[in-house]
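Structure first, commentary second.
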Amino acid sequence: MPAGAPTPDPVAMLLAACGLAASADERRALAEIEATLRPGIEALYEVPEARYEVPAPVFRADPELTPWDEGGR
Amino acid sequence: MSLPPTMGDAAAALRRGETSSVALTEASIAGADALDERLGVYVTRFDDHALERADAADRELAAGTDRGPLHGMPIGVKDILAMREGPTTAQSLILDDAWGRDRDAIVVERLKAAGAVITGKTTTMEFAVGAPDPDKPFPLPRNPWDLERYTGGSSSGTANGVAAGLMVAGVGTDTGGSIRCPAAFCGVTGLMPTYGRVPNAGCVPLGWSLDRIGPLARSARDCGDFLAAIAGPDPRDPYAVERPLPAAAGLDGSLAGLRVGVERANHFGGEEDPATAPVFDAAAAELEALGASVVEVVIPHYAEACTALWVTMVAEALAYHRGDLAGRWDDYFASTRLTVGSGALVSAADYVQAQRVRRVAQRGLSKVFETVDLIAMPSSSKPAMTLDQLAREDVGGMVAPLHLMYWNAVGNPTLVVPMGFTADQLPLSLQLAAPPFGEAALVRAGDAYQRATDWHLRVPPVSAARLSG
Numbered sequence: 049m050p051a052g053a054p055t056p057d058p059v060a061m062l063l064a065a066c067g068l069a070a071s072a073d074e075r076r077a078l079a080e081i082e083a084t085l086r087p088g089i090e091a092l093y094e095v096p097e098a099r100y101e102v103p104a105p106v107f108r109a110d111p112e113l114t115p116w117d118e119g120g121r
Numbered sequence: 014m015s016l017p018p019t020m021g022d023a024a025a026a027l028r029r030g031e032t033s034s035v036a037l038t039e040a041s042i043a044g045a046d047a048l049d050e051r052l053g054v055y056v057t058r059f060d061d062h063a064l065e066r067a068d069a070a071d072r073e074l075a076a077g078t079d080r081g082p083l084h085g086m087p088i089g090v091k092d093i094l095a096m097r098e099g100p101t102t103a104q105s106l107i108l109d110d111a112w113g114r115d116r117d118a119i120v121v122e123r124l125k126a127a128g129a130v131i132t133g134k135t136t137t138m139e140f141a142v143g144a145p146d147p148d149k150p151f152p153l154p155r156n157p158w159d160l161e162r163y164t165g166g167s168s169s170g171t172a173n174g175v176a177a178g179l180m181v182a183g184v185g186t187d188t189g190g191s192i193r194c195p196a197a198f199c200g201v202t203g204l205m206p207t208y209g210r211v212p213n214a215g216c217v218p219l220g221w222s223l224d225r226i227g228p229l230a231r232s233a234r235d236c237g238d239f240l241a242a243i244a245g246p247d248p249r250d251p252y253a254v255e256r257p258l259p260a261a262a263g264l265d266g267s268l269a270g271l272r273v274g275v276e277r278a279n280h281f282g283g284e285e286d287p288a289t290a291p292v293f294d295a296a297a298a299e300l301e302a303l304g305a306s307v308v309e310v311v312i313p314h315y316a317e318a319c320t321a322l323w324v325t326m327v328a329e330a331l332a333y334h335r336g337d338l339a340g341r342w343d344d345y346f347a348s349t350r351l352t353v354g355s356g357a358l359v360s361a362a363d364y365v366q367a368q369r370v371r372r373v374a375q376r377g378l379s380k381v382f383e384t385v386d387l388i389a390m391p392s393s394s395k396p397a398m399t400l401d402q403l404a405r406e407d408v409g410g411m412v413a414p415l416h417l418m419y420w421n422a423v424g425n426p427t428l429v430v431p432m433g434f435t436a437d438q439l440p441l442s443l444q445l446a447a448p449p450f451g452e453a454a455l456v457r458a459g460d461a462y463q464r465a466t467d468w469h470l471r472v473p474p475v476s477a478a479r480l481s482g
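Each protein sequence line maps, in turn, to chains A and B. So my numbering is basically just the index in the first sequence, starting at one, shifted up by 48. So my numbering is basically just the index in the second sequence, starting at one, shifted up by 13.
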């Protein structure tokens, strides 16, 4: 980044990466949500018992694969 | 004619020959004619279909075929479940109207097989998340205890429909509190089953690892009967599990031998309504008077599990909605845009870490359940806010008074029952939680509490005025 260039707005960058066309007011509101949530999210990494824990959703190699929209009665 | 107070009362009257399913359904329709425009209960009504189904239910009963407690009962279905009789909108301009067309969700199939009379599709928040948007062309659900107040969301129309006497029960869904919040705010009973107890296929998802379908009704016993009709595995839902649902037993009003843990540590100390603590204390005392042994407990990792729930919900919701949000941002409700859009601000690692913390929370909670059978807490620190307040609140302000999200993160079942009123005559609610697949103990406790109290039978002013007028 060239010296003196404006600092990128990380919220705007993340929204743009998803193609979300939030207005300026909405970007500000989302930045406030992020600022509120971020300490709690960072605290998830500080839960000692989680250090060697496995995630809750467990991948199954033998799932039931009958789609609802094809297997109706 | 008005509907009997509970679904059980209606079913008993039906079998005694004192009423018919057609008469019950006509009462439901008359209630909707009188109040739906003011309350915003329905997105779509199926009056003709309901009367046909009611007539068939009456003929079946006359011929000796009894499909059980839901046979001939007028009920509502939240408009995020597919039903072949009409469109599913998810109360949104976004949902492709081809989705679910001419098909029934598994739960709807089961309700029809149980003989239920589905009177219509009830209002929700858009895609079962967020808050109303007055700029969008959908009914605004209003609280029957005060029409200027919020019903709670997102199973709004089912809750205010039951509370106002437009149906005896109905279907809700719960990803972060959406059965229990409106049940609590509208003064009815709601049961969020264990994750996997009820198949979700045919229901528009919000968070796949969180979503649950369950009943709202006036009584815990009604919720237990309703759950029995919709529970059980189906190969079309990979998350629905094969676990027996014990038949309702021990519904004799006694809680002898039951150990109840009262959780205050994570539920008080914020900004409660002045009535919440004394009303909750009275409810705990009532459980003890009914024979339960009551002790204080503390739930570990409570705040972390609530954060894990939020991260999980917005990440999974964004995965579902990202394409539509990118292409049709302004067609979404304002609140939906911010809530689901916030999923863009959590990382993949955040999401996985949330799943690890959910497992930690499950382990910690299982230790608590080694010492008690149920945990009791208030459903919310405050009653329903006004619609004006709601319009000014951000997402955090909306959910701050609620004590619901933790239980979505861990997967356990909970039951909410009315436990009293504020000074302004707004409902307050008691939440009971059980170990996974412990719904029978919840129904037993809720039934005993409701035999000893009548909070669940109170009629909101808008309905009382209609019936007396």
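Think of the CB as a built atom: it goes at the ideal place given N, C-alpha and C, for glycine as much as any other residue.
If we call anything under 8 angstroms between Cβ atoms a contact, is residue i one with residue j?
i	j	result
residue 206 of chain B	residue 426 of chain B	yes
residue 167 of chain B	residue 142 of chain B	yes
residue 127 of chain B	residue 83 of chain B	yes
residue 157 of chain B	residue 199 of chain B	yes
residue 63 of chain A	residue 70 of chain A	yes
residue 217 of chain B	residue 93 of chain B	yes
residue 204 of chain B	residue 428 of chain B	yes
residue 304 of chain B	residue 268 of chain B	yes
residue 446 of chain B	residue 299 of chain B	no
residue 416 of chain B	residue 202 of chain B	no
residue 408 of chain B	residue 352 of chain B	yes
residue 359 of chain B	residue 233 of chain B	no
residue 454 of chain B	residue 401 of chain B	no
residue 85 of chain A	residue 321 of chain B	no
residue 34 of chain B	residue 70 of chain B	yes
residue 350 of chain B	residue 74 of chain A	yes
residue 178 of chain B	residue 53 of chain B	no
For a contact defined as C-beta to C-beta under 7 angstroms, what are the partners of residue i on chain A?
i	result
residue 90 of chain B	Correct list: empty, because the minimum Cβ distance to chain A is about 16 angstroms.
residue 403 of chain B	Under the 7 angstroms cutoff, chain A gives no residues; its nearest Cβ is about 16 angstroms from residue 403 of chain B.
residue 338 of chain B	68
residue 406 of chain B	Near residue 406 of chain B there are no residues of chain A at all, since even the closest Cβ is about 12 angstroms away, more than 7 angstroms.
residue 317 of chain B	91, 92, 95
Give the interface partners of residue i over in chain B, defined as CB-CB distance under 7 angstroms, in chain order.
i	result
residue 84 of chain A	409
residue 117 of chain A	116
How would you call residue i, buried or exposed, if buried means at least 16 neighbouring beta carbons within 10 angstroms?
i	result
residue 134 of chain B	buried
residue 247 of chain B	buried
residue 438 of chain B	exposed
residue 56 of chain A	exposed
residue 451 of chain B	buried
residue 102 of chain B	buried
residue 121 of chain A	Only weak support exists for where residue 121 of chain A lies, its pLDDT of 45 falling under 50; the coordinates are left without a value.
residue 480 of chain B	exposed
residue 100 of chain A	exposed
residue 384 of chain B	exposed
What does residue i reach in chain A if we use C-beta pairs closer than 8 angstroms?
i	result
residue 351 of chain B	74, 77, 78, 81
residue 280 of chain B	The premise fails here: residue 280 of chain B is roughly 18 angstroms from chain A at the closest Cβ pair, so nothing lies under 8 angstroms.
residue 320 of chain B	85, 88, 89, 91, 92
residue 307 of chain B	Residues of chain A passing the Cβ test: none, with the nearest at roughly 28 angstroms.
residue 284 of chain B	Ordered by position in chain A, no residue passes the 8 angstroms Cβ test against residue 284 of chain B, which lies about 17 angstroms from the chain.
residue 416 of chain B	Result: empty, since nearest Cβ-Cβ is about 16 angstroms, beyond 8 angstroms.
Give the residues of chain B in contact with residue i, contact being defined as C-beta atoms less than 8 angstroms apart.
i	result
residue 70 of chain A	342, 350, 354
Give the residues of chain A in contact with residue i, contact being defined as C-beta atoms less than 9 angstroms apart.
i	result
residue 249 of chain B	112, 114, 115, 116, 117, 118, 119, 120
residue 335 of chain B	66, 67, 68
residue 324 of chain B	85, 88, 89, 92
Consider the Cβ of residue i: report whether some Cβ of chain E lies at a distance smaller than 8 angstroms.
i	result
residue 67 of chain A	Chain labels in this structure do not include chain E; the protein chains are A and B.
* Asked: Using 8 angstroms as the threshold, is the region 152–170 of chain B in touch with the region 77–88 of chain B, meaning 3 or more CB pairs across them?
  -> no
* To do: Tell me, please, whether the region 335–348 of chain B touches the region 133–151 of chain B by the rule of three or more beta-carbon pairs shorter than 8 angstroms.
  => Segments in contact, yes.
* Asked: Relative to chain A, which residues along the region 208–222 of chain B have a C-beta separation below 7 angstroms, given in chain order?
  -> 214, 215, 222
* Meets three-Cβ-pair contact criterion under 8 angstroms: the region 101–111 of chain B and the region 189–200 of chain B -> no
* To do: Taking 8 angstroms as the threshold, find out whether the region 307–315 of chain B comes into contact with the region 77–88 of chain A through three or more Cβ pairs.
  => No, the region 307–315 of chain B does not touch the region 77–88 of chain A.
* the region 365–377 of chain B touching the region 419–439 of chain B, judged by at least three CB pairs closer than 8 angstroms -> By the Cβ rule, the region 365–377 of chain B counts as touching the region 419–439 of chain B, because three or more pairs are nearer than 8 angstroms.
* To do: Determine which residues of the region 92–115 of chain A have a Cβ less than 7 angstroms from any Cβ of chain B, and write them out in chain order.
  => 92, 93, 95, 97, 98, 101, 102, 103, 104, 105, 111, 112, 114, 115
* Taking Cβ-Cβ distances below 8 angstroms as the criterion, which residues of the region 178–192 of chain B are in contact with chain A? -> When C-beta distances to chain A are compared with 8 angstroms, every residue of the region 178–192 of chain B stays at or above that value.
* Segment contact flag, the region 111–130 of chain B with the region 142–154 of chain B, C-beta cutoff 8 angstroms, min 3 pairs -> no
* To do: State whether the region 382–399 of chain B contacts the region 287–296 of chain B, with contact taken as three or more CB pairs (one from each stretch) at a distance under 8 angstroms.
  => In short, these stretches touch, since the Cβ pair count reaches three.
* To do: Pair every Cβ in the region 70–84 of chain B with every Cβ in the region 169–179 of chain B, then say whether three or more of these pairs are closer than 8 angstroms.
  => no
* To do: Taking only beta carbons into account, state which residues of the region 354–385 of chain B come closer than 8 angstroms to chain A, listed in chain order.
  => 354, 355, 357, 358, 359, 363, 365, 366, 367, 368, 369, 370, 371, 372, 373, 375, 376, 377
* Could you tell me whether the region 103–118 of chain A touches the region 232–239 of chain B, where touching means 3 or more Cβ pairs closer than 8 angstroms? => no
* Taking only beta carbons into account, state which residues of the region 62–73 of chain B come closer than 8 angstroms to chain A, listed in chain order. => none
* **Short-range partners of chain A found in the region 134–145 of chain B, where Cβ spacing is below 7 angstroms** => none
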